[in-house]
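The next block holds one structure in the form of structure tokens; read it before the comments.
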Ligand code: UD1
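Residue numbers (the working numbering): 17 to 391.
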């Protein structure tokens, strides 16, 4: 039986991965610092599988992490500070946890006598920056990062869309394949890119197979509904549960690729079990673009409440306009196929949220962004 270490395993994706691995008879150790922003109750969440061995520790603590590494065979490295907007003003925090924490792990792999046979790192679609787009006249191109002015309120759709640099026509998003040039647009995205690159480099140097999984926008039960720095689905649900309108940046027609957490867990296990995954980078998404306004509308409908989303027509600095995954590589090499449709997934999420604690701290998080001129 293989022993698996998950750094950050008490988090949203990690907790589901624990269940998936335990169902397959793996022995799982979670190493997590229970960051109060994610775990305000500062204890191991009740949802963590009771077969998990739990170590409370920080990836920046070399000795504690080393002890955990030495007793395991494979590692999922999920520990990270997660929040695109927040990373733009808590720079040293994000660099410290995400880059120095990863460096610590890699130092252990390079210097200690261990038996790690595979390292799987949670990378992010955010490292692509803007996803590729197609101009009907001039073809496909990778747009430059947007430099929109904060505080401007512009309702014209054409203001928000990406224009072809040659002919000026509005272009349309196309899927981002793994070969797409990375062009990180936030400190968070940069740290995720560095995590991926440093893990891959050290893995290749020491012959430890590394797999990088570029997660797109993962959603599902157990997302923190009280953490206003988390992903958009959880923030919107928290707003709706508290009878507040979801607040939408830009015109709401920016798109993302929403992938069900159970599908992500299957992708993780395929990456663990298949040698074809070794030293490869894979997109993990559903492969379909969905607008943020559409997400708000579906969630409001599912909640049965009479709420109208508030569209701000304001730009949150660091956000990209469109990005969705080309998932042909993970389908071809690992046989991955997303199984849950967006409507089914969101409806399961809303069902779960009725019983979950949701304190809406969105307004104070928004104020922090406004004070820093980030929105
Ligand atoms: C998200 C995750 C990131 C992960 C990436 C890929 C967060 C904070 N970000 O980045 O960790 O690596 O997916 O999985 O979890 N929006 C609103 N209103 C809100 C919140 C967001 O309109 O209240 C908009 C944003 O402006 C953006 C879109 O929703 O256009 C998505 O934002 P967000 O959920 O923060 O995700 P990503 O930046 O895509």
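C-beta atoms are modelled at their ideal positions from N, C-alpha and C, and glycine is treated no differently.
Please read these numbers as outputs of a predicted model, since none were measured by experiment.
Asked	Found
Tell me whether residue 173 is buried or exposed, calling it buried when 16 or more other Cβ atoms sit within 10 Å of its Cβ.	exposed
Should the stretch 223-232 be regarded as contacting the stretch 132-141, the criterion being three or more beta carbon pairs within less than 8 Å?	yes
Distance check for residue 146 and residue 260, CA to CA, integer angstroms please.	30 Å
Is the closest heavy atom of the ligand UD1 to the C-beta of residue 332 under 6 Å?	yes
Comparing C-alpha positions only, which one of 40, 50, 47, 56 sits nearest to residue 242?	56
Between the C-alpha atoms of residue 2 and residue 389, what's the straight-line distance to the nearest angstrom?	There is simply no residue 2 to check, as the chain begins at 17 and stops at 391 in what is shown.
Compute every distance between the C-beta of residue 263 and the non-hydrogen atoms of the ligand ATP, then say whether any falls below 6 Å.	The model on display carries the ligand UD1 but not the ligand ATP.
Terminal residues of the continuous beta strand (DSSP E) containing residue 95?	Per DSSP, residue 95 belongs to no beta strand (DSSP E) and is neither H nor E.
Compute the beta-carbon to beta-carbon distance between residue 31 and residue 100, rounded to the nearest angstrom, for a pair I have assumed lies under 8 Å.	The pair is not a contact, with the Cβ atoms about 22 Å apart (cut-off 8 Å).
Could you spell out where the beta strand (DSSP E) holding residue 48 opens and where it closes?	43-48
I believe residue 284 touches residue 92 by the beta-carbon criterion, under 8 Å. Please report the beta-carbon distance rounded to the nearest angstrom.	7 Å
Would you call the stretch 252-272 and the stretch 309-325 touching, i.e. three or more CB-CB distances under 8 Å?	yes
State the DSSP-derived secondary structure class of residue 198, mapped to helix, strand or coil.	coil
Can you give me the C-alpha to C-alpha distance between residue 370 and residue 364, rounded to a whole angstrom?	10 Å
For the stretch 332-375, list the alpha helix (DSSP H) runs that are entirely contained and at least 4 residues long, ordered along the chain.	344-350, 358-369
Would you kindly check if the distance between the Cβ of residue 69 and the Cβ of residue 45 is under 7 Å?	yes
Shorter than 6 Å, the distance from the beta carbon of residue 231 to the closest heavy atom of the ligand UD1, or not?	yes
Beta-carbon separation of residue 275 and residue 250 under 7 Å?	no
Roughly how many whole angstroms lie between the Cα atoms of residue 382 and residue 111?	22 Å
Should residue 25 be labelled buried (16 or more other beta-carbon atoms within 10 Å of its own) or exposed?	buried
Residue range of the beta strand (DSSP E) that residue 329 falls in?	Here residue 329 belongs to no beta strand (DSSP E), and DSSP marks it neither H nor E.
Who are the Cβ neighbours of residue 300 in its own chain at under 7 Å, not counting the five residues just before and after it?	229, 230, 231, 232, 275, 280, 283, 346
Whole angstroms are fine: how far does the CA of residue 314 sit from the CA of residue 190?	23 Å
Out of 372, 67, 238, state which residue places its alpha-carbon closest to the alpha-carbon of residue 42.	67
Count the CB pairs spanning the stretch 122-135 and the stretch 185-199 that are closer than 8 Å, and state whether there are at least three.	no
For a minimum of 4 consecutive residues, which ranges assigned as the alpha helix (DSSP H) are wholly contained in the stretch 177-237?	203-222
Anyone know if the C-beta pair for residue 149 and residue 211 falls short of 7 Å?	no
Under a three-way DSSP split, which group does residue 156 fall into?	strand
Classify residue 265 as helix, strand or coil using the three-state DSSP reduction.	coil
Find out if the Cβ-Cβ distance for the pair residue 342, residue 193 is shorter than 7 Å.	yes
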